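Have a look at the structure below before the remarks.
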Amino acid sequence: MKPPKTVYTILGAAVLLTLTSAAAQAETLSQFFAASKIGGQIRSYYFSRLYGASGPNTFNQDAYSLGGMLNIQTAPFLGGFGVGVSFYTANALGANNLSGAPAYPHLDATLMGPQQSVNALGQAYLQYAIPKRLLIRAGDQVINTPWLNNSDSRLLPATYQGVYAEYSPIHEVKLYGLREFRWKSRTSGNYYKDNLYYPATFSGDTLYGGTTALSASAPQTSGTLAFGVSTDVMGLKAQAWYYDFYQFANTFYSDANYTLKTGTGFDPFIAAQFMRQWSNNSLLDGTRLNNSPISATSVSNTSWGVQAGLNYTRLNSSIGGGQLAWSYNEILPHAGAVGGGAIVSPYTVGYATDPLYTTSMIRGLVEQGPGTAWKVKWTQNLLDKQVLLMAAFARYHTYFQGASNDTYLDLTYFLPGRLKGLSIRDRVEVANGQGAYNGFLSNGAAFNKGRSFIYNRVMLTYGF
Numbered sequence: 053m054k055p056p057k058t059v060y061t062i063l064g065a066a067v068l069l070t071l072t073s074a075a076a077q078a079e080t081l082s083q084f085f086a087a088s089k090i091g092g093q094i095r096s097y098y099f100s101r102l103y104g105a106s107g108p109n110t111f112n113q114d115a116y117s118l119g120g121m122l123n124i125q126t127a128p129f130l131g132g133f134g135v136g137v138s139f140y141t142a143n144a145l146g147a148n149n150l151s152g153a154p155a156y157p158h159l160d161a162t163l164m165g166p167q168q169s170v171n172a173l174g175q176a177y178l179q180y181a182i183p184k185r186l187l188i189r190a191g192d193q194v195i196n197t198p199w200l201n202n203s204d205s206r207l208l209p210a211t212y213q214g215v216y217a218e219y220s221p222i223h224e225v226k227l228y229g230l231r232e233f234r235w236k237s238r239t240s241g242n243y244y245k246d247n248l249y250y251p252a253t254f255s256g257d258t259l260y261g262g263t264t265a266l267s268a269s270a271p272q273t274s275g276t277l278a279f280g281v282s283t284d285v286m287g288l289k290a291q292a293w294y295y296d297f298y299q300f301a302n303t304f305y306s307d308a309n310y311t312l313k314t315g316t317g318f319d320p321f322i323a324a325q326f327m328r329q330w331s332n333n334s335l336l337d338g339t340r341l342n343n344s345p346i347s348a349t350s351v352s353n354t355s356w357g358v359q360a361g362l363n364y365t366r367l368n369s370s371i372g373g374g375q376l377a378w379s380y381n382e383i384l385p386h387a388g389a390v391g392g393g394a395i396v397s398p399y400t401v402g403y404a405t406d407p408l409y410t411t412s413m414i415r416g417l418v419e420q421g422p423g424t425a426w427k428v429k430w431t432q433n434l435l436d437k438q439v440l441l442m443a444a445f446a447r448y449h450t451y452f453q454g455a456s457n458d459t460y461l462d463l464t465y466f467l468p469g470r471l472k473g474l475s476i477r478d479r480v481e482v483a484n485g486q487g488a489y490n491g492f493l494s495n496g497a498a499f500n501k502g503r504s505f506i507y508n509r510v511m512l513t514y515g516f
């Protein structure tokens, strides 16, 4: 599905205005182009999913992709207007095993889907901005809010087609509004009226990595309407959002965190989050998310979380600053609700990119349903910030997915000197679990019950 012609009409008019007004905004056209911004990233990713199972129809999975993104943003013209365009590309270079369609048992389809290449006009927008006061952006764009974000942990990010606005009436407060009509998933080349609850090939899409709960005959979604507010005052940061995920759920979400500046180099912090969802006419009514045996009649979710930890500054020339944090989340059960009270998250479920404190690289309570979770995470800068180390352990106790744990290690090396901009990162997580019923939990694949699932992601990135 191609974006509506109106988007291209607006952008075409904007480009024409840009070219005709550039001389009026700068002494020369060359100065205008010099003030414009061109940047991007080159990415080379290799993902492997290792299962402990053996026997017929038990396969490990992997995928490779080379590509990246080129971003172009014009200098302001006509007092604040601007145009932005981004081209995204991902290419397998013939390295991936695409046999066994439509299951693709040898492929980690979450990286770029079962395709040799994905090419997309990821962003194409017109905006009006007054620095530090107002931003209005219309078209295809990256949006980052707690429950509708770019989920940028694959070769290409998710982007959205719609209108986004920010307004700051005073320095410490920002107001937000957005209306999203379509989105492009991390494995899609175009924009579609679906989300991560739809089948992978819904309406011609290539939507991989989500949680299929709807059939191919389900109606298209009308997108999302959202409003938010945030503040940052004297160490206290807080935000509150309302989302109407059309045909799925109404959502209220808020969080806050406070850091006590002690002047000693050791600064403790605390944080809390709360979420409430409801809907009596959701497309998910009648589904059984998260292995729930409940035949749902409505959406009803209540979730909360707390976090406490310590930020510390550089200790010596080798050991830099870091953070140690402990987190806890709970999703309360609701009888007769979708997933027994599960969080409905159309644009993060399966991606594990939600804002819950205890979400791991592979999964979190959004993917597992009602229950509790705790997590310990350590973040450490080393060698004058040339190395970033992260380690974490998370434990989940859920009503319908049983008990499970994830052990995480993440190491990034930022090359110095002439190779500045190049980073090498390795992320690995080991998942284990015991099912709530029917024996062992399936760790990563249905055939992998009772065995460890090891997910390794090697990521080379060059930013320019």
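Each residue of the sequence shown is one higher than the one before, counting from 53 in our numbering.
The beta carbon of each residue, even a glycine, is placed where N, CA and C say it ideally should be.
Bear in mind the structure is a predicted one, so any value in this text is a computation, not a measurement.
Reference residue i, options the options, closest by Cα
{"i": "G421", "options": "N433, Q432, G402", "result": "G402"}
{"i": "N302", "options": "A308, W330, A444", "result": "W330"}
{"i": "M286", "options": "N309, L408, Y399", "result": "N309"}
{"i": "W430", "options": "E419, L341, S379", "result": "S379"}
{"i": "S306", "options": "V281, A176, T424, Q272", "result": "V281"}
{"i": "V480", "options": "P468, A87, G132, L463", "result": "L463"}
{"i": "L471", "options": "A252, L512, W199, S220", "result": "L512"}
{"i": "Q325", "options": "Q359, D296, I346, S334", "result": "Q359"}
{"i": "F84", "options": "H223, G104, A127", "result": "A127"}
{"i": "P320", "options": "M327, G361, A292, T349", "result": "G361"}
{"i": "A217", "options": "L186, A172, S82", "result": "L186"}
{"i": "A323", "options": "A377, G146, N342", "result": "A377"}
{"i": "N484", "options": "L408, Y177, R447", "result": "R447"}
{"i": "N333", "options": "P345, V170, T349", "result": "T349"}
{"i": "Y103", "options": "G502, Y364, A181", "result": "G502"}
Extent of the continuous alpha helix (DSSP H) run through residue i
{"i": "S82", "result": "81-87"}
{"i": "E419", "result": "417-420"}
Classification of residue i by the beta-carbon crowding that lies within 10 angstroms, buried from 16 upward
{"i": "A75", "result": "Its pLDDT being 43, under 50, A75 is placed unreliably in this model, and the value from its coordinates should be taken loosely. A75 should be labelled exposed."}
{"i": "F505", "result": "buried"}
{"i": "H386", "result": "buried"}
{"i": "V225", "result": "exposed"}
{"i": "N490", "result": "Summary for N490: the model assigns pLDDT 48, below 50, so the residue's position carries little reliability, and this model does not support an answer."}
{"i": "A278", "result": "buried"}
{"i": "L259", "result": "buried"}
{"i": "L207", "result": "buried"}
{"i": "N368", "result": "exposed"}
{"i": "L467", "result": "exposed"}
{"i": "S237", "result": "buried"}
{"i": "G515", "result": "exposed"}
{"i": "G166", "result": "In the sequence on display, residue 166 carries Pro and not Gly. The residue is buried, with at least 16 neighbouring Cβ atoms inside 10 Å."}
{"i": "T400", "result": "buried"}
{"i": "A190", "result": "buried"}
heavy atom of the ligand HEM below 6 Å from residue i C-beta
{"i": "K437", "result": "The ligand content of the structure shown is nil, which means the ligand HEM is not present either."}
Residue range of the beta strand (DSSP E) that includes residue i
{"i": "H386", "result": "Careful: H386 lies outside any beta strand (DSSP E) and carries neither H nor E."}
{"i": "D478", "result": "474-486"}
{"i": "E232", "result": "225-236"}
{"i": "A176", "result": "169-182"}
{"i": "D9", "result": "No information on residue 9 is available, as it lies outside the stretch 53 to 516 that the chain covers here."}
{"i": "M511", "result": "505-515"}
{"i": "M121", "result": "113-125"}
{"i": "A444", "result": "439-450"}
**Q.** Segment contact flag, the segment 413-430 with the segment 306-315, C-beta cutoff 8 Å, min 3 pairs
**A.** Result no; under three Cβ-Cβ pairs closer than 8 Å.
* Examine the Cβ distances between the segment 119-135 and the segment 150-158 and report whether three or more of them are shorter than 8 Å. => In this structure the segment 119-135 does not touch the segment 150-158; the number of beta carbon pairs closer than 8 Å is below three.
(request) May I ask you to verify whether the segment 382-396 touches the segment 429-444, counting CB pairs closer than 8 Å and requiring at least 3? (result) Touching, no.
| said: Would the segment 268-278 count as touching the segment 228-242 if we require 3 or more Cβ pairs under 8 Å? | reply: With the cut-off at 8 Å, the segment 268-278 and the segment 228-242 touch.
For this session: Any chance you could list the alpha helix (DSSP H) runs of at least 4 consecutive residues sitting entirely within the segment 281-306, in chain order?
Result: If only complete runs of 4 or more residues are kept, the segment 281-306 shows no alpha helix (DSSP H) anywhere.
Review point. For the 8 Å Cβ check, are there 3 or more pairs between the segment 100-111 and the segment 157-171?
Key: Contact between the segment 100-111 and the segment 157-171 is present, with at least three C-beta pairs closer than 8 Å.
(Q) Threshold first: 3 residues or longer. Then list the beta strand (DSSP E) segments lying entirely within the segment 389-434, N to C. (A) 423-434, all fully within the segment 389-434.
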